[in-house]
Amino acid sequence: MAMAIDEFDFSSYSTTTTTTTTTSTEDEYGCNWNIWSPVINWDALSGGSDDFHGLIESMMSDADGRIHAKEPCKSGLSDTTATVADEEANGQDDFKGLRLIHLLMAAAEALTQSRDLARVILVRLKELVSPDDGTNMERLAAYFSDALQGLLECTVSNGSHGNKHLPSNNHGSHQDRHYHTDVLAAFQLLQDMSPYVKFGHFTANQAILEAVTHDRRVHIVDYDIMEGIQWASLMQALVSRKDGTPTPHLRITAISRVGTGRRSIGTIQETGRRLAAFAASIGQPFSFHQCRLDSDEMFRPHAVKLVKGEALVFNCMLHLPHVGFRATQSIASFLSGAKTLKPRLVTLVEEEVGPTGSDSLFVGRFMDSLHHYSALYDSLEAGFPMQSRARALVERVFFGPRIAGSLAQIFRSNGEESVSSWGERLPALGFSRVPISFANHCQAKLLLGLFNDGYRVEELATNKLVLGWKSRQLLSASIWTFSDSDL
Numbered sequence: 040m041a042m043a044i045d046e047f048d049f050s051s052y053s054t055t056t057t058t059t060t061t062t063s064t065e066d067e068y069g070c071n072w073n074i075w076s077p078v079i080n081w082d083a084l085s086g087g088s089d090d091f092h093g094l095i096e097s098m099m100s101d102a103d104g105r106i107h108a109k110e111p112c113k114s115g116l117s118d119t120t121a122t123v124a125d126e127e128a129n130g131q132d133d134f135k136g137l138r139l140i141h142l143l144m145a146a147a148e149a150l151t152q153s154r155d156l157a158r159v160i161l162v163r164l165k166e167l168v169s170p171d172d173g174t175n176m177e178r179l180a181a182y183f184s185d186a187l188q189g190l191l192e193c194t195v196s197n198g199s200h201g202n203k204h205l206p207s208n209n210h211g212s213h214q215d216r217h218y219h220t221d222v223l224a225a226f227q228l229l230q231d232m233s234p235y236v237k238f239g240h241f242t243a244n245q246a247i248l249e250a251v252t253h254d255r256r257v258h259i260v261d262y263d264i265m266e267g268i269q270w271a272s273l274m275q276a277l278v279s280r281k282d283g284t285p286t287p288h289l290r291i292t293a294i295s296r297v298g299t300g301r302r303s304i305g306t307i308q309e310t311g312r313r314l315a316a317f318a319a320s321i322g323q324p325f326s327f328h329q330c331r332l333d334s335d336e337m338f339r340p341h342a343v344k345l346v347k348g349e350a351l352v353f354n355c356m357l358h359l360p361h362v363g364f365r366a367t368q369s370i371a372s373f374l375s376g377a378k379t380l381k382p383r384l385v386t387l388v389e390e391e392v393g394p395t396g397s398d399s400l401f402v403g404r405f406m407d408s409l410h411h412y413s414a415l416y417d418s419l420e421a422g423f424p425m426q427s428r429a430r431a432l433v434e435r436v437f438f439g440p441r442i443a444g445s446l447a448q449i450f451r452s453n454g455e456e457s458v459s460s461w462g463e464r465l466p467a468l469g470f471s472r473v474p475i476s477f478a479n480h481c482q483a484k485l486l487l488g489l490f491n492d493g494y495r496v497e498e499l500a501t502n503k504l505v506l507g508w509k510s511r512q513l514l515s516a517s518i519w520t521f522s523d524s525d526l
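Counting with the working numbering, you get residues 40 to 526 for the letters of the sequence shown.
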């Protein structure tokens, strides 16, 4: 049974009817639960090591603080020809973008070798770009410059190799500051104009539906529930089954974090009430619980309350733009905890950031990240044609902080061998692959048909679907089961 690709508006559901164990707070969010070709020619950067000295000197010598392309050769065509003007403008944009990429690479390299040089390059970059206007590459360079500046300030205050107090890799106060207005608005825009969120949710939900066909009780442990949007479509599919089996009782245990403040905990409680109200409105038996991580964000399997006879599912969404980057140790503890509890299914969605670099050093992985977000920016522009304000909101609220988190995470692990996919670790923990069904693959293609034709989906492994933008892989969804489970 394939899921219906529907949209749900939960804002009208009362939060007074609930089977959760959480305490009540005033409903103040007004949450609507409805259901991005690279900017730069990256092949031009595939040559050997670059000498940035001449480039930096030329950038510093620009008198007016702007990037200039070389004067194009004059031709016999009229300057009033629109086609020629467009080609010249595109050529200048490409030249500007290429120079910005080289400056960013130089700043990233200097960050690990000469803080003074890094500071000079970043000052110049900040004079050249702004996150509020310009081309995709100029806005992207602005956010990467800000992220590098944050790393520079922390290394200066902590010593040349100190990384204990690097910028947090989650949104923290940034998310709190924007939650009531910008975050919800930006998330809705992202859902409407890109399959980035829905692809992971729908692929995971379809796999869950197929795995619990004959079960009377289903228990999902969700690593990052956020607004709980994923589970509305699952509930709808469960109550709409046509095989005659009773609708199973659905229990969701949401992971909450001690260190993110009362608003985060309150948000999870509000999510539980909204889910319970929606479940009651469609006749879905439902209960909701929280499981708090320790202060070090480590997951303890014994903290999850299990009921005999229920089908246990672990759900791990690591791609959501408003979640930020979780600590590597925290994610590892969650997946290791899944091994202890032997779930029927593990659904894992994560970004495909690399590797395009040839090593695990900071500069190579920095370029992987820059390439990844360049493709995201391009796909976002395709989904927001002529809507620069909407696109800028999504970039500012989600991708600016996420870029900062990505670089902080890379800088922390500089010199360490990187694992390009969390899914690569699961076989060593005793998990085996669950093949992606034909229905699930077709559903993903149907979803992508609702958006710009630059998106593509491919089956990278028997258990793994990958969402891509043209030639670049953006994120993947993989399905796993414990080797001793009854699936």
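Yeah, the Cβ is synthetic: ideal placement off N, Cα and C, and Gly gets one too.
- Give the straight-line distance between the Cα atoms of Ile294 and Asp261, rounded to the nearest whole angstrom. Against the sequence shown, residue 294 aligns to sequence position 255. Against the sequence shown, residue 261 aligns to sequence position 222. Looking at the two C-alpha atoms, the distance is approximately 6 angstroms.
- Which stretch, first to last residue, makes up the beta strand (DSSP E) that contains Asp282? Taking the first residue of the sequence shown as position 1, residue 282 is located at position 243. For Asp282, no beta strand (DSSP E) run applies, since DSSP gives it neither H nor E.
- Item | Among Ala371, Val385 and Phe317, nearest to His258 - alpha-carbon criterion | As a working mapping, residue 258 is identified with position 219 in the sequence shown. Among Ala371, Val385 and Phe317, the Cα nearest to that of His258 belongs to Val385.
- Per DSSP, Trp519 is paired with what? By 1-based counting over the sequence shown, the position of residue 519 is 480. According to DSSP, Trp519 bridges with Val385 and Arg472.
- Task: Round the Cβ separation of Ala243 and Val388 to the nearest angstrom and send it over; I've been treating them as touching at under 8 angstroms.
- Result: Counting from one through the sequence shown, the residue named residue 243 turns up at place 204. Counting from one through the sequence shown, the residue named residue 388 turns up at place 349. Beta-carbon to beta-carbon, Ala243 and Val388 are separated by about 6 angstroms, close enough to satisfy the 8 angstroms threshold.
- 4-residue-minimum alpha helix (DSSP H) runs that sit fully inside the stretch 298-382, ordered along the chain: Here the runs fully enclosed are 300-321 and 367-380.
- Message: Classify Phe477: buried if its beta carbon has 16 or more other beta carbons within 10 angstroms, exposed otherwise.
- Response: Taking the first residue of the sequence shown as position 1, residue 477 is located at position 438. Phe477 sits exposed, since fewer than 16 C-beta atoms from the chains shown fall within 10 Å of its C-beta.
- Message: Is there a C-beta anywhere in chain D that falls below 7 angstroms from the one on Gly311?
- Response: Looking at the structure shown, chain D is missing, and only one protein chain is on hand.
- Item | As assigned by DSSP and simplified to three states, the class of Val402 | Taking the first residue of the sequence shown as position 1, residue 402 is located at position 363. Val402: helix per DSSP, three-state reduction.
- Residues near Thr284 by beta carbon distance below 7 angstroms, same chain, minus five either side: Within the sequence shown, residue 284 is the residue found at index 245, counting from 1. The answer, listed in chain order, is His253.
- According to DSSP, residues forming a beta bridge with Trp508: Indexing the sequence shown from 1 puts residue 508 at position 469. Residue pairing from DSSP places Trp508 in a beta bridge opposite Tyr494 and Arg511.
- List the residues that DSSP assigns as beta-bridge partners of Leu289. Position 250 of the sequence shown, counted from the first residue, corresponds to residue 289. In the DSSP output, where bridge partners are listed per residue, Leu289 has Val257 and Phe325.
- Item | Alpha-carbon to alpha-carbon, Phe183 and Ile442 | In the sequence shown, counting from the first residue as 1, residue 442 sits at position 403. In the sequence shown, counting from the first residue as 1, residue 183 sits at position 144. The straight-line gap from Cα to Cα measures roughly 7 angstroms.
- Identify the continuous alpha helix (DSSP H) that holds Thr242 and give its terminal residues. As a working mapping, residue 242 is identified with position 203 in the sequence shown. Where Thr242 is concerned, the enclosing alpha helix (DSSP H) stretches over Tyr235 to Ala250.
- Query: So what's Asp172 in DSSP terms, helix, strand or just coil?
  - Reply: In the sequence shown, the residue the question calls residue 172 occupies position 133. Correct three-state label for Asp172: strand.
- Message: Considering just the uninterrupted stretch of the alpha helix (DSSP H) at Met425, what are its terminal residues?
- Response: In the sequence shown, residue 425 corresponds to position 386, counting from 1. Under the DSSP assignment, Met425 falls outside any alpha helix (DSSP H); it carries neither an H nor an E label.
- Message: Whole angstroms are fine: how far does the CA of Val352 sit from the CA of Val505?
- Response: For the purposes of this step, residue 505 is taken as residue 466 along the sequence shown, with counting starting at 1. For the purposes of this step, residue 352 is taken as residue 313 along the sequence shown, with counting starting at 1. Computed Cα separation, rounded: 21 angstroms.
- Message: Would Ala429 and Trp508 qualify as a contact pair, given that the criterion is a beta-carbon distance under 7 angstroms?
- Response: On the sequence shown, residue 429 is found 390 positions in, with the first residue counted as 1. On the sequence shown, residue 508 is found 469 positions in, with the first residue counted as 1. Taking 7 angstroms as the Cβ cut-off, Ala429 and Trp508 do not qualify as a contacting pair.
- Message: Please return the same chain residues whose Cβ sits closer than 6 angstroms to the Cβ of Gly322, not counting the five positions on each side in sequence.
- Response: In the sequence shown, residue 322 corresponds to position 283, counting from 1. Here the set comprises Val278.
- Item | Whole-Å CB distance - Leu357 paired with Glu390, under 8 angstroms assumed | The count along the sequence shown starts at 1 and reaches residue 357 at position 318. The count along the sequence shown starts at 1 and reaches residue 390 at position 351. Right, the Cβ-Cβ distance comes to about 7 angstroms (below 8 angstroms), so this counts as a contact.
- Item | Buried or exposed by the 16-neighbour rule on C-beta atoms within 10 Å, applied to Arg511 | Looking up residue 511 in the sequence shown gives position 472. By the Cβ-count criterion, Arg511 is buried, with 16 or more other Cβ atoms from all chains shown falling within 10 Å of its own Cβ.
- Query: So, Ala180 versus Leu139, is the Cβ gap smaller than 7 angstroms?
  - Reply: Counting from 1 along the sequence shown, the entry for residue 180 is found at position 141. Counting from 1 along the sequence shown, the entry for residue 139 is found at position 100. Going by C-beta atoms, Ala180 is nearer than 7 angstroms to Leu139.
- Item | Rounded separation between Pro466 and Leu380 - CA only | The residue you call residue 466 lines up with position 427 of the sequence shown. The residue you call residue 380 lines up with position 341 of the sequence shown. Our two residues, Pro466 and Leu380, have alpha carbons roughly 16 angstroms apart in a direct line.
- Task: Return the CA-CA distance between Cys481 and Val496, expressed in angstroms with no decimal places.
- Result: Reading the sequence shown from its first residue, position 442 is the one you call residue 481. Reading the sequence shown from its first residue, position 457 is the one you call residue 496. Answer to the nearest angstrom: the Cα atoms are 10 angstroms apart.
- Message: Contact defined as beta carbons within less than 8 angstroms: I believe Leu499 pairs with Ser515. What is the distance between those atoms, to the nearest angstrom?
- Response: Stepping through the sequence shown from its first residue, residue 499 is reached at position 460. Stepping through the sequence shown from its first residue, residue 515 is reached at position 476. About 7 angstroms separates the beta carbons of Leu499 and Ser515, which is inside the 8 angstroms limit, making them a contact pair.
- With 16 other Cβ atoms within 10 Å as the buried cut-off, status of Gln188: Residue mapping note: residue 188 aligns to position 149 of the sequence shown, counting from 1. Burial call: buried.
- Item | Through-space distance from Lys378 to Gln426, alpha-carbon basis | Taking the sequence shown and counting its residues from 1, one reaches residue 426 at position 387. Taking the sequence shown and counting its residues from 1, one reaches residue 378 at position 339. For Gln426 and Lys378, the distance between alpha carbons rounds to 46 angstroms.
- Can you give me the start and stop residues for the alpha helix (DSSP H) that Ala225 sits inside? Indexing the sequence shown from 1 puts residue 225 at position 186. Where Ala225 is concerned, the enclosing alpha helix (DSSP H) stretches over Leu223 to Met232.
- Message: Checking 7 angstroms against the spacing of the C-beta atoms, do Ala149 and Leu191 come in under that value?
- Response: Taking the first residue of the sequence shown as position 1, residue 149 is located at position 110. Taking the first residue of the sequence shown as position 1, residue 191 is located at position 152. No, they are not a contact pair.
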